[in-house]
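**Student:** Handing you a structure now.
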Amino acid sequence: MAAQDDTVPVPEAATSVPDERSIGQLVSDASRDLSALIRGEIELAKTELKESAAEAGKGAGMFGAAGFLAYVAFLMLSVAAAFGLVAAGLHPVLGFVIVGGVYLIVAAILALVGKRAMTKIRGPERTKRSIEETKAMLARGKTSGSDTGRELTRRT
């Protein structure tokens, strides 16, 4: 039976001399990392806005239904007024006015429900929070002689 080797392999970076990359390579790496960070922020914003769009659709649907029912109520009240002038009797007019009034009440309820649904729409709060964290991280990480970090935090 062969003896088992219990040694843990040491990563190459731990045994080699420190990485001596040029300033150009460091700037290139920083630029690439910053681009990846910005792309990530944009993807997060897109995801949040898609979630809010569903809520906006519900609210818009309620407003559309309220508008349609208000239009139907207007038609019913118009027909009721016409029959009132022709018939001069109370029953047909009263019947059409009551139906038109019911439609107006339903339209008002739908408008209020639609308004409530629209107030639930949120902006991209996670994205805002993430951007603030990134700005704070950049502010902590910049060196005293670097203007690049200051420019990046000023733009975001």
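In terms of UniProt numbering, the sequence shown opens at residue 1 and continues consecutively. For every residue, glycine included, the Cβ atom is placed at its ideal position computed from N, Cα and C.
1. Could you give the DSSP three-state label for K135: helix, strand or coil?
2. Run the CB neighbour count on T127, radius 10 Å, all protein chains shown included, and call it buried at 16 or more, exposed below.
3. Between L77, F68, G123, which lies nearest to T47 when the distance is taken from Cα to Cα?
4. What's the gap between the Cα of A117 and the Cα of A45?
5. If you draw a straight line from the alpha carbon of A65 to that of K50, how long is it in whole angstroms?
6. Do A73 and Y103 come within 8 Å of each other at the CB atom, strictly closer than that value?
7. Is DSSP giving S28 helix, strand or coil here?
8. Excluding the 5 residues flanking G59 on each side, which residues of the same chain have their C-beta closer than 6 Å to its C-beta?
9. If we call anything under 8 Å between Cβ atoms a contact, is E55 one with S130?
10. Tell me whether the beta-carbon of A70 lies closer than 8 Å to the beta-carbon of G100.
11. Tell me whether R116 sits in a helix, a strand or coil according to DSSP, three-state version.
12. At the level of alpha carbons, what is the spacing between G67 and A107?
13. Using a threshold of 8 Å, state whether the C-beta atoms of F63 and A111 are closer than that.
**Tutor:** Taking the geometry as given:
1. Translated into positions along the sequence shown, residue 135 becomes position 135. DSSP places K135 within a helical segment (H, G or I) once states are collapsed to three.
2. Translated into positions along the sequence shown, residue 127 becomes position 127. The residue is buried, with at least 16 neighbouring Cβ atoms inside 10 Å.
3. For the purposes of this step, residue 47 is taken as the residue at position 47 of the sequence shown. For T47, the nearest C-alpha among the options comes from G123.
4. Along the sequence shown, one-based indexing puts residue 117 at 117. Along the sequence shown, one-based indexing puts residue 45 at 45. Computed Cα separation, rounded: 21 Å.
5. By one-based count along the sequence shown, residue 65 stands at place 65. By one-based count along the sequence shown, residue 50 stands at place 50. When rounded, the distance between both Cα atoms is 23 Å.
6. Taking the sequence shown and counting its residues from 1, the one referred to as residue 103 is at position 103. Taking the sequence shown and counting its residues from 1, the one referred to as residue 73 is at position 73. Pairing Y103 with A73 gives a Cβ-Cβ distance under 8 Å.
7. Position 28 of the sequence shown, counted from the start, is the residue given in the question as residue 28. S28 falls in the helix class under three-state DSSP.
8. Position 59 of the sequence shown, counting from 1, holds the residue named residue 59. In its chain, beyond the 5 residues on either side, G114, A117, M118 have a beta carbon closer than 6 Å to the beta carbon of G59.
9. As a working note, residue 55 is residue 55 in the sequence shown. As a working note, residue 130 is residue 130 in the sequence shown. Cβ distance not < 8 Å, so E55 and S130 don't count as in contact.
10. As a working note, residue 70 is residue 70 in the sequence shown. As a working note, residue 100 is residue 100 in the sequence shown. A distance of 8 Å or more separates the beta carbons of A70 and G100.
11. Here residue 116 refers to the residue found at position 116 when the sequence shown is read from its first residue. In the three-state reduction of the DSSP assignment, R116 falls in the helix class, which pools H, G and I.
12. Taking the first residue of the sequence shown as 1, we reach residue 67 at position 67. Taking the first residue of the sequence shown as 1, we reach residue 107 at position 107. Approximately 7 Å, taken between the alpha carbons.
13. Within the sequence shown, numbered from 1, the residue matching residue 63 stands at position 63. Within the sequence shown, numbered from 1, the residue matching residue 111 stands at position 111. Taking 8 Å as the Cβ cut-off, F63 and A111 qualify as a contacting pair.
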